[in-house]
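Right, one structure below, let's go through it.
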Amino acid sequence: MEPIKLPPEAASQLRAIQEFRYLCDENGMVIGRFMPWAQPFDVRKLEPPYSEEEIEQAKRRTVWYSTAEVLAHLENLGCGESNPPVNLFGVSPCAALHS
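Be aware that the sequence shown starts at 7, since it is given in the numbering used here, and climbs by one per residue.
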């Protein structure tokens with residue numbers, strides 16, 4: 007794969023991005039995706055956010071729901087098959103830029 011050289015202004019804009027973004031043309035149509043280059047890190051330095059004891063306590067006091075119960079709850083909230091969430095393939099993620 008041959009790299010694409012960007013003009014300095016475009017390269018500067020992309021360097022400032024810290025997360026995944028869609029790249030759009032002037033009409034708001036998606037032409038690609040951009041994921042900034044992540045610097046490798048040492049996973050041994052990462053600390054889990056919760057201790058084993060906290061996890062066990064949460065497991066003992068947490069209420070668990072079946073898939074059917076979750077789907078019924080979502081349907082009651084208006085998020086079921088009769089009112090599906092926005093389909094990103096049917097709506098341009100860049101549309102907000104032009105509203």
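Just so you know, even glycine gets a beta-carbon here, dropped at the ideal spot from N, CA and C. Remember, it's a predicted structure, so these values are computed and weren't measured experimentally.
Residue i vs residue j beta-carbon contact at 7 Å
i   : j   : result
I23 : D31 : no
Y28 : R39 : yes
F26 : M7  : no
Helix, strand or coil at residue i [DSSP, three-state]
i   : result
L80 : helix
L12 : coil
I23 : coil
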